[in-house]
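Residue numbers (the working numbering): 1 to 198.
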Amino acid sequence: MRWIVVVVSAFSFWASAQGIPAYYRFIDEAGRTQLSDKIPPAQVKRGYEVLDSQLFVIRRVAPELTPAQLAARELERQRQAEIAAQAAKDQQLLMRYPSVADLDMAERNDIERLELQVLIADKTLEIQRTALAQVERQAAREERNGAISDDTLNRVSERSLDVAKLELALAKRHIEINDLRALYAARRARIERLVGQR
Numbered sequence: 001m002r003w004i005v006v007v008v009s010a011f012s013f014w015a016s017a018q019g020i021p022a023y024y025r026f027i028d029e030a031g032r033t034q035l036s037d038k039i040p041p042a043q044v045k046r047g048y049e050v051l052d053s054q055l056f057v058i059r060r061v062a063p064e065l066t067p068a069q070l071a072a073r074e075l076e077r078q079r080q081a082e083i084a085a086q087a088a089k090d091q092q093l094l095m096r097y098p099s100v101a102d103l104d105m106a107e108r109n110d111i112e113r114l115e116l117q118v119l120i121a122d123k124t125l126e127i128q129r130t131a132l133a134q135v136e137r138q139a140a141r142e143e144r145n146g147a148i149s150d151d152t153l154n155r156v157s158e159r160s161l162d163v164a165k166l167e168l169a170l171a172k173r174h175i176e177i178n179d180l181r182a183l184y185a186a187r188r189a190r191i192e193r194l195v196g197q198r
């Protein structure tokens, strides 16, 4: 009998050292704590603890999450991802514009560049409109004399297309300027907030 006890004790020590589960502890449907050498299949999703032969916990299995808990976890994951993404953007923003003064200087440079493009486009448009007016007068003279030549009609069409393209490009430049001002306003507000948090 003494040898049996020694063998059992040795096995228990070996099983404990190897982390081999000997018992499972769980809460049953009635709310009672149960200890068993087997885990009921229905209990797996509710969670349980794995104990060794010395009744030390070697592993805990969490309960399966409900659909609502899974949805909440996904929302939290998305929220944390958004926070991390915003933090990265903020870091890049402050590296690019360490202060509001730096941002103001960058805005002035960008706006001046676009306004110069607008000025050039305005001058070009004025020239094209003058050229269009000239060929339109030529077309009117030819029409009074009987018929407009194909060459004049083609020139009117080409000049009209050039004017339309320039007007569209000019309108886009004005939109770009407004969008750029809005972008810098948003950046300024963000930098002021970040600097204020320091």
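Built from N, CA and C at the ideal position, the CB exists for glycine as well.
Source: prediction; values computed, not measured.
Quick one: what's got a C-beta closer than 6 Å to I148's C-beta in the same chain, skipping five residues either side?
-> A139 and E142
Expressed to the nearest angstrom, what Euclidean distance is found between the alpha-carbon atoms of R129 and N178?
-> 26 Å
Do you know offhand how far L65's Cα is from S36's?
-> 24 Å
Please look up how many angstroms separate the CB atoms of D90 and L194, rounded, as I've assumed it's under 8 Å.
-> 6 Å
Return the CA-CA distance between I135 and K165, expressed in angstroms with no decimal places.
-> The question names Ile, but residue 135 is Val in the sequence shown. Roughly 18 Å between the two C-alpha positions.
Within 10 angstroms of the Cβ of L119, are there 16 or more other Cβ atoms? Answer buried if so, exposed if not.
-> exposed
Look up G97 in the DSSP assignment and give the residues it is bridged to.
-> The amino acid at residue 97 is misidentified as Gly; the sequence shows Tyr. According to DSSP, Y97 bridges with nothing at all.
Smallest Cα separation from R159: which of E126, I175 and K172?
-> E126
Measure the Cβ-Cβ separation of V163 and L132 and say whether it is below 8 Å.
-> yes
DSSP state of R187, grouped into three classes?
-> helix
Could you tell me if F11 is buried or exposed, where buried requires 16 or more neighbouring beta carbons within 10 angstroms of its beta carbon?
-> Because F11 carries a pLDDT of 40, less than 50, the predicted location of this residue cannot be relied on, and no value is offered for it.
Please list, in chain order, all residues of the same chain as I4 whose beta carbon is under 7 Å from its beta carbon, the five residues on each side excluded.
-> Note that I4 scores a pLDDT of 34, beneath 50, so its modelled location is shaky; the value from the coordinates is reported in the next line. The answer is none, since no qualifying residue turns up.
Beta-carbon contacts of R190 that lie in its chain and below 6 Å, excluding the five residues immediately before and after = none
Out of G31, V50, M105 and R113, which has the shortest C-alpha to C-alpha gap to Y23?
-> V50
Do K207 and P63 have their CB atoms nearer than 8 Å?
-> The structure shown does not extend to residue 207, since the chain spans only 1 to 198, so no value can be given for it.
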